[in-house]
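Asker: I have a structure here, written as structure tokens, and I will follow up with some questions on it.
Number of protein chains: 2
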Amino acid sequence: MEVKLPTFDSVFSIDCVIFGFEAGELKILLIERNEEPFKDWLALPGYIVEQDESIDNAAERILYELTGLRDLHMQQFHTFGEVNRHPQGRVITVAYYALIRINGQKEVKPVTQYAKSAFWHPVNDLPKLAFDHSEIFTTGFNKIKRRLNYQPIAFELLPEKFTLTQLQSLYEAVMNKKLDKRNFRKKMLSYGFLKELDEKQKGVSYRAAKLYKFDRRKYTKIFQNDLIADKAGV
Amino acid sequence: MEVKLPTFDSVFSIDCVIFGFEAGELKILLIERNEEPFKDWLALPGYIVEQDESIDNAAERILYELTGLRDLHMQQFHTFGEVNRHPQGRVITVAYYALIRINGQKEVKPVTQYAKSAFWHPVNDLPKLAFDHSEIFTTGFNKIKRRLNYQPIAFELLPEKFTLTQLQSLYEAVMNKKLDKRNFRKKMLSYGFLKELDEKQKGVSYRAAKLYKFDRRKYTKIFQNDLIADKAGV
DNA sequence: ATATAGTGTGTCAGATTTACACCATTAAAT
DNA sequence: ATTTAATGGTGTAAATCTGACACACTATAT
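Chains as they are written, first to last, in the UniProt record's numbering: chain A, 1 to 234; chain B, 1 to 234.
What follows is the structure, encoded as structure tokens:
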């Protein structure tokens, strides 16, 4: 069964690669599609941009409708414009990523009928995705891998208060390699934008680690000279 | 006089920021528009994407039509999708940059009527541009500033054979700061991807400098481990 | 009390980065 | 022939950063 697209000459869409970090694993949000084409396939959350909304606003709206998530800091990273990337017509898609704290989020679930479900899936074991979404994911993943080294994006994935070990294991998960504990701590602390709290980790059956917090004010003060304002997050 | 846009529901366009280096200055290509809106204004080369061409192909075609330049390595860098960025309707534009050798290029000139003329203009002294093109330029400029430090893009701006002083002055022009000559040379040569030629500079009234050539084969060999394949040029 | 599991810490060697100044070469001017 | 003007080309030492590496401490569970 084929459902016709609206009769636009050109259609824009947004696709979102939403990263989260849980149980030591990096994950992304997928949805199960409820519409042709690719009905029942897994896909990145994405949909068509309306005439009267900016693409940044569209990205927020669409993500909300498909997953129930709001107020993420979405960042555009690439636009995919092959002629035949959509089987039913010409659809150019602008891809966005965002990083969020999974813990403490209410469960993700679609608020429209376009998706049957939404869920977190580890990036290391992704199934085949609808359209060219596997390629979109890979491009986005490479982007954040690089960005991790010069932008404070790690902190968006962690709870507000975190231990240095958690921070390290996030870096290890994204970069997919082991880091030296002492060197990692020395370096992170040397930047001066981590604030040591008077609190300790709770509920562990071993020596509790100190908790830290990312101090964005200090970060921008320290790095303001290096920062080149740029739509694409530098 | 207002010319109506074609009755697309949505229109895609491409805008190009084409960098060149001449007389120690970084320049970009501008056109003088020959159509409403913004008739007679200066603008980035840009036009509408056809239904049956990928955006990458469209970028090449459009640049050719407006400037006569062909076969540049165009790189997408950002998509601009504010609702009112175009006064006559909804136009989302994908911005590309490219770097080229000005010297030795035949003169740039439009092959369609959409532009009256095309010419190089120093980036340090840009006039107000049509649409949001000033913003597009700035975003693109910041992109290449960063990229200069981890991608071999400088060599695309220089003639095939160049002196180390030329290379340095290009870096200085892009980064807008002075570099130390000895350190710059030591570092560049240490990478091992510059090939020293048996030739010297000609036609100067002082000691002629050695000429070098960028060896792309060596470059990729040396850096293949660091490279993360990525649509956006890493 | 002791076993367990993860926390938290310092040093040294090697590599990289930065700062810094003078003689060499060429063509043009005298 | 000599001088001048302009740029080419080179080395070293100090400071900083990076990477490798191992063990005692602490909180809890039993």
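The beta carbon of each residue, even a glycine, is placed where N, CA and C say it ideally should be.
Being a predicted model, the structure only gives us computed values, none of them experimental.
Anything in chain A within Cβ reach of Asp52 (chain B), meaning under 9 Å, just list it in chain order.
Answerer: Under the 9 Å cutoff, chain A gives Val83 and Arg90.
Asker: If we cut at 8 Å on Cβ distances, does residue 264 (chain B) have a partner in chain A?
Answerer: Summary: the structure shown does not reach residue 264 (chain B), with chain B confined to residues 1 through 234, and so no result is reported for it.
Asker: Grab me the residues of Phe155 (chain B)'s own chain with a C-beta within less than 7 Å of its C-beta, minus the 5 sequence neighbours each way, in chain order.
Answerer: Hits under 7 Å: Phe214.
Asker: For chain A, check one thing: does any of its Cβ atoms lie closer than 8 Å to the Cβ of Val111 (chain B)?
Answerer: Not closer than 8 Å to any Cβ of chain A, the Cβ of Val111 (chain B) fails to qualify, so no.
Asker: Name the DSSP beta bridge partners of Gly68 (chain B), please?
Answerer: Paired residue(s): none; Gly68 (chain B) is not in a bridge.
Asker: Out of curiosity, what's the CA-to-CA distance linking Lys202 (chain A) and Arg90 (chain A)?
Answerer: Approximately 53 Å, taken between the alpha carbons.
Asker: Would you check if the segment 120-128 of chain B and the segment 44-54 of chain B touch, i.e. whether three or more CB-CB distances between them fall below 8 Å?
Answerer: At 8 Å Cβ cutoff, the stretches do not touch.
Asker: Under 8 Å between the Cβ atoms of Arg101 (chain A) and Leu157 (chain A)?
Answerer: Cβ atoms of Arg101 (chain A) and Leu157 (chain A): closer than 8 Å.
Asker: Count the other CB atoms, across all protein chains shown, that sit within 10 Å of the CB of Pro87 (chain B); report buried if there are 16 or more and exposed otherwise.
Answerer: Flag for Pro87 (chain B) reads exposed.
Asker: Mind checking which residues open and close the alpha helix (DSSP H) that includes Glu196 (chain B)?
Answerer: Segment Leu194 to Lys200 is the beta strand (DSSP E) holding Glu196 (chain B); no alpha helix (DSSP H) there.
Asker: Residue range of the beta strand (DSSP E) that His78 (chain B) falls in?
Answerer: Element bounds for His78 (chain B): Gln75 to Phe80.
Asker: Nearest chain A C-beta to Ile55 (chain B) closer than 8 Å, yes or no?
Answerer: Output row for Ile55 (chain B): interface = yes.
Asker: Classify Arg33 (chain A): buried if its beta carbon has 16 or more other beta carbons within 10 angstroms, exposed otherwise.
Answerer: That one is buried.
Asker: List the endpoints of the continuous alpha helix (DSSP H) containing Tyr219 (chain A).
Answerer: Element bounds for Tyr219 (chain A): Arg216 to Phe223.
Asker: Just checking my contact of Lys161 (chain B) with Leu197 (chain B) at CB under 8 Å: how many whole Å lie between their CB atoms?
Answerer: Indeed, because the Cβ distance is near 6 Å, the residues count as touching under 8 Å.
Asker: Report yes or no: is there a C-beta of chain B within less than 8 Å of the C-beta of Val94 (chain A)?
Answerer: For Val94 (chain A), the answer is yes, since a Cβ of chain B falls inside 8 Å of its Cβ.
Asker: List the DSSP bridge partners of Gly46 (chain A).
Answerer: For Gly46 (chain A), which the question treats as bridged, DSSP gives the partners A:Asp15.
Asker: Could you round the C-beta distance between Ile153 (chain A) and Ile144 (chain A) to whole angstroms and report it? I think they count as a contact, below 8 Å.
Answerer: Right, their Cβ atoms sit about 6 Å apart.
Asker: If I measure Cβ to Cβ from Thr163 (chain B) and keep anything under 8 Å in the same chain, skipping five residues before and after, which residues do I get?
Answerer: These residues qualify, in order along the chain: Gln201, Ala209, Lys210, Leu211 and Tyr212.
Asker: Starting from Lys181 (chain B) and walking both ways along the alpha helix (DSSP H), at which residues does that stretch end?
Answerer: That run of the alpha helix (DSSP H) goes Lys181 to Tyr191.
Asker: Assuming Thr112 (chain B) and Glu65 (chain B) make a contact with CB atoms under 8 Å, what is their CB distance in whole Å?
Answerer: That belief holds up - the Cβ atoms of Thr112 (chain B) and Glu65 (chain B) are roughly 5 Å apart, short of 8 Å.
Asker: Just reading off the alpha helix (DSSP H) that Phe38 (chain B) is part of, what are its end residues?
Answerer: From DSSP, Phe38 (chain B) is part of no alpha helix (DSSP H); its letter is neither H nor E.
Asker: Who are the near neighbours of Gly68 (chain A) in its chain, counting only those whose CB is closer than 6 Å to its CB and skipping five residues on each side?
Answerer: Around Gly68 (chain A): Val108, Lys109 and Val111.
Asker: Do Thr93 (chain A) and Phe80 (chain A) have their C-beta atoms within less than 8 Å of each other?
Answerer: Yes.
Asker: Mark Gln51 (chain B) as exposed unless 16 or more other C-beta atoms lie within 10 angstroms of its C-beta, in which case mark it buried.
Answerer: Counting Cβ neighbours within 10 Å, Gln51 (chain B) comes out exposed, since fewer than 16 surround it.
Asker: Please work out which residues of its chain come closer than 8 Å, Cβ to Cβ, to Met74 (chain A), disregarding the five sequence neighbours upstream and downstream, and give them in chain order.
Answerer: Cys16, Asp56, Ala59, Glu60, Leu63, Tyr96, Tyr97 and Ala98, listed in sequence order.
Asker: Identify which residue in B:Asn183, B:Pro159 and B:Glu82 has its Cα closest to the Cα of Gly20 (chain B).
Answerer: Closest option to Gly20 (chain B), Cα to Cα, is B:Pro159.
Asker: Smallest Cα separation from Ala118 (chain B): which of B:Thr220, B:Ile28 and B:Ser205?
Answerer: That would be B:Ile28, whose Cα lies nearest to the Cα of Ala118 (chain B).
Asker: Might you give, ordered along the chain, the residues of its own chain that have their beta carbon closer than 7 Å to the beta carbon of Lys218 (chain B), omitting 5 neighbours on each side?
Answerer: Result list for Lys218 (chain B): Gly192 and Phe193, in chain order.
Asker: Note down the Cα distance separating Phe12 (chain B) from Leu129 (chain A), rounded to an integer number of angstroms.
Answerer: Taking the straight line joining both Cα atoms gives about 26 Å.
Asker: Check each candidate in B:Val174, B:Glu82, B:Ala115 and B:Leu26 and name the one with the smallest Cα separation from Asp40 (chain B).
Answerer: Minimum Cα distance to Asp40 (chain B) is reached at B:Ala115.
Asker: Give a yes or no on whether the C-beta atoms belonging to residue 237 (chain B) and Val174 (chain B) are separated by under 8 Å.
Answerer: Not covered by the structure: residue 237 (chain B). The range shown for chain B is 1 to 234.
Asker: Under 7 Å from any heavy atom of the ligand SAM, does the C-beta of Ala98 (chain A) make it?
Answerer: With respect to the ligand SAM, the structure shown offers nothing to examine, as it has no ligands at all.
Asker: For Thr220 (chain B), which of B:Lys187, B:Gln151, B:Asn84 and B:Glu82 has the nearest alpha-carbon?
Answerer: The shortest Cα separation from Thr220 (chain B) among B:Lys187, B:Gln151, B:Asn84 and B:Glu82 belongs to B:Gln151.
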